[in-house]
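In this note's numbering, each number is its position in the sequence shown, counted from 1, plus 6.
Accompanying notes for the structure given below.
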Amino acid sequence: MKDMLREQIEKVLKELGFPKVDFSLERPAEEEHGDYSSNVAMQLFSKFQITNAKLQTNFKSQISKYSNPRQLAEKITEKLQAKSPTSPAGRYQLKAIASIEVAGPGRKKNIINHKSYIKYVDRIEVAGPGFINFFFKPEYFTLELERILEEKEDFGKGKALSGQKFVVEYTDPNPFKEFHIGHLYSNIVGESLCRLFEANGAIVWRADFFGDVGMHTAKALYGLWRKFQIPLRQSSGQANAKFQIDWRKFRDLEKKSLAERVKVLGQAYTLGSQAYEDEPKAAREMKKLNLLAFVASQEYWQKEKGWKPRVDYRSHIGKIDEEELAEVRELWVKGRTWSLDYFEEIYARLGTKFDGYYPESLTGEWGYQVVMDGLKKGVFTRSDGAVVYKGEKKGLHTRVFINKLGLPTYETKDIGNPLMKYNDFKYDKSLIVTGNEIDAYFKVVIAAMKEVEPELGEKTEHLGHGMVKLKEGKMSSRTGKILSGEWLLDEAKKRVTEILSNLDTKLTKKERDHVAEIVGMGAVKYALLRGNIGRDVAFDFKESVSFEGNSGPYVQYAYARAKSVLRRANNQFSSSKDQSSSNDSNSKQFENSKIENSLKIRKLKIENFDLNREELQVLRYLDRFPEVVEIAALEYAPNTVCSYLYELAGRFNTFYNKHSILGRAEEGKQGKQGKQGEQGEEGSVTSINQLPQSTRALRQAQDLVAFRLALTVGVAQVLKTGLGLLGIAAPEKM
């Protein structure tokens, strides 16, 4: 509809002698202002009233006819509309539209011709300084509802990114360290963006980049030594201490659960970090371990993948004790493997499955030669024995890419990372999702990349998200007060369990545990996604796990409520099928055991009754979903989906609380409901078997029930699809 309106506006502009102009055609903030609103008249007036001799000459005669944008808007509206001989006086309809295609993925195109389509356009109004507001009849939205029933989970999918290849890098936790809340946030943002891109036709490659070499690894290795209290011994003829592990004690650790092993790794890293800052001798030992870990990783890849080294790390170290190196290599491999296995358990819980993994031990080698080649070309320069990029020439700052020891820094690893990803997946766009504390860092890295690898540099974009702040204070892995991602998920699940235990949910213990996991996860994800990605998140448990207000559980509960209605409908109509002797074709359409399938073949006949305010509010809002999904993908804004779902859930809850869906008596006065009002007195309808028996009244009542059930199905489907785009499951029961 939106594209067609834009096309017709452009045709009118051409008829009036105006060239194309950029203008908006958007959903008004207030629905009283229409279903779409355009600022085309104001844009035209602004463009052609500026001081520009050429424009004044070409369009002076046209624009001079109108003293203000509103007059121009009225002229455009006059061209767009014409009185219909079949419509009530004062009702206007578009005359320019010839046809509209209603189609979706896997669905045949339904071409609606000019005459049948025109009845769905109610009126066009000029408002304010010159806005043109478009209003559509309820029948149009019913058509969209039928589309939801037919397309199901495909409703909302679009083609804005059709065929484009996106690689999205996110999460990026480092082995030997805990999976903290920052990693959790990155994962939740990245996964949602992947799903939004896919919903708009993109082909997505999920990438995980992690640091398995570097000083954090050396600190963890040193902490393990200290943890097991194995003294460093002086080797004969050497001034430096020799790294050694008591493997008998270490084997005992290997027998423990993965969770216990990972916990020890985290403790070791914290211990090493403290020693590095407080003990000069320990710091020297860790620098040595850092060098050995680089060599160990290189040898590991040679053995595992037949990797041909691109960097001669040994030349930067000097003489190496091979026995010591072997111990470092085994400890590095063990710790790395445990960490990655642990991360995979978390990914499975979060619903993420990566396509490619990119360790710094490899990306550093990919990037090293690129940087050295860039040094020869003058992109990089030497400074105090290191290789640096002078970012000042781009209005940025200087960063080190190869340190004095000849080792690649994070910067070089991030130069190699896109090369390695492109080798696996020939992408059109590479999006890197991290915390925004390294925004300035990535500006330098991407600037350097655009000089040494222009094609990939232009395709790369960094998206920085805010920090998660809790009442517990700032996270710190050095002090050991780190707040892990698992802790946040477990705590949310615990609190949801407490809420469920106080409700009459009729869930078994097993079902309650399953629901608590789904709802707790939804609470965390929704809370982290509902705000602008670039802003910090002040996470509050009480607010996030609440079944009321703008929260994940609130939206999930609306879905579960809709599904509960549909389950009752299935039971009610299945039993009424056996009791009814009616041969009415409308009655038979309810006989399918799945009410959703029955409604697919039933034409929604809303002409038999008037839609009430609550029905229309839900119906009109469902129509917005595809546009919300497109905007969320193009603007990297999952929060728009959150806002939409919250509003839709609220509208459905209002409708549910005020009106009967299955023909049951409502609490309080039901009163008249449009044309079926003759049977609408309080308490007059208690079940489908007690509907009025006159043919006309029966059909009216059945049409109303069918419409309301269809509306419930549509809401449930859109809520489920929308939650899925956020990575949130939709529980059938709560």
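Positions of the beta carbon are idealized from the N, C-alpha and C atoms, including for glycine.
Predicted model only: the values in this text are computed from it and were never measured.
6 Å Cβ shell around residue i - same chain, five flanking residues per side excluded
i: Glu457; result: Val385
i: Tyr447; result: none
i: Glu175; result: Ala213, Phe215 and Ile438
i: Phe360; result: Arg212 and Asp214
i: Asn556; result: Tyr652
i: Gly730; result: none
i: Arg201; result: Leu731
i: Leu617; result: Pro144
Nearest residue (CA-CA) to residue i, options the options
i: Tyr650; options: Lys435, Leu640, Val624 and Asp434; result: Val624
i: Lys20; options: Ile82, Glu467, Lys71 and Pro34; result: Ile82
i: Glu371; options: Arg355, Gln308 and Glu333; result: Gln308
i: Asp546; options: His39, Ile187, Lys475 and Gln723; result: Lys475
i: Glu641; options: Lys269, Leu199, Ser552 and Asp41; result: Leu199
i: Lys314; options: His322, Ile323 and Ser303; result: Ser303
i: Lys664; options: Leu654, Val647 and Glu620; result: Glu620
i: Ser550; options: Leu494, Ala575 and Asp519; result: Leu494
i: Ile637; options: Ile69, Val127, Gly162 and Glu157; result: Gly162
i: Ala332; options: Val721, Trp253 and Thr369; result: Trp253
i: Ala747; options: Gly528, Ala639 and Thr660; result: What is shown of the chain runs 7 to 740, which leaves residue 747 out entirely.
i: Arg335; options: Glu150, Ile539 and Leu227; result: Leu227
i: Glu266; options: Ser321, Ala224, Gly169 and Asp347; result: Asp347
i: Lys611; options: Leu622, Arg702, Phe713 and Leu628; result: Phe713
i: Ser321; options: Gly169, Tyr363 and Leu413; result: Leu413
i: Asn538; options: Tyr191, Met740 and Met7; result: Tyr191
i: Gly362; options: Glu517, Val210, Tyr416 and Val647; result: Val210
i: Tyr319; options: Val301, Asp327, Leu167 and Leu513; result: Val301
i: Trp389; options: Lys340, Lys261 and Lys410; result: Residue identity differs from the one stated: residue 389 is Ser in this sequence, not Trp. Ranking the options by Cα distance to Ser389, first place goes to Lys410.
Beta-carbon proximity check, residue i vs residue j, cutoff 8 Å
i: Tyr275; j: Phe182; result: yes
i: Tyr353; j: Arg316; result: no
i: Gly207; j: Gly164; result: yes
i: Ile421; j: Val451; result: yes
i: Leu732; j: Tyr532; result: yes
i: Leu535; j: Asn442; result: no
i: Asn296; j: Met378; result: no
i: Gly136; j: Arg76; result: yes
i: Leu425; j: Val376; result: yes
i: Gly272; j: Met292; result: no
i: Phe5; j: Asp9; result: Here the chain covers residues 7 to 740 and nothing more, so residue 5 does not appear.
i: Ser367; j: Val268; result: no
i: Met473; j: Gly188; result: yes
i: Arg630; j: Arg33; result: yes
i: Ala564; j: Phe658; result: yes
i: Val521; j: Leu509; result: no
i: Leu264; j: Trp338; result: no
i: Ala299; j: Thr223; result: yes
i: Lys171; j: Lys432; result: yes
i: Ala453; j: Lys419; result: no
i: Ala639; j: Phe203; result: yes
i: Tyr560; j: Ala655; result: yes
i: Glu150; j: Leu628; result: yes
Those residues which DSSP pairs with residue i across a bridge
i: Glu32; result: Ser43
i: Asn645; result: Answer is none; Asn645 lacks a bridge partner.
i: Ala392; result: Ser389
i: Tyr565; result: According to DSSP, which records beta bridges pairwise, Tyr565 is partnered with nothing at all.
i: Lys435; result: Phe172
i: Ala133; result: Phe137
i: Ala544; result: Lys475
i: Asp214; result: Tyr363
Within-8 Å CB hit, residue i to chain C
i: Asp542; result: Absent from the structure is chain C; it holds one protein chain and no more.
heavy atom of the ligand PLP below 7 Å from residue i C-beta
i: Asn193; result: Among the ligands in the structure shown, none appear at all, so the ligand PLP cannot be discussed.
Residues near residue i by beta carbon distance below 7 Å, same chain, minus five either side
i: Thr718; result: Ala568, Val571, Leu572 and Ile667
i: Arg541; result: Gly472
i: Gly196; result: Val174, Tyr176, Thr177 and Val439
i: Pro91; result: Bear in mind that a pLDDT of 38 at Pro91, under 50, signals an unreliable position, so the number given afterwards is only what the model happens to contain. Hits under 7 Å: none found.
i: Pro179; result: Phe185, His189, Phe216 and Phe349
i: Leu78; result: Ala47, Leu50, Phe51, Tyr72 and Gly136
i: Pro460; result: none
i: Asn592; result: Caution applies to Asn592, whose pLDDT of 40 falls short of 50 and renders its modelled position unreliable; the value that the coordinates give is listed next. If we look at Asn592 and ignore the five residues flanking it on each side, its Cβ neighbours are Arg705 and Gln708.
Own chain partners of residue i with C-beta closer than 8 Å, once the 5 adjacent residues on each side are dropped
i: Arg342; result: Pro181, Phe182 and Asp218
i: Ala498; result: Gly526, Met527, Ala529, Val530, Phe547, Ser550 and Val551
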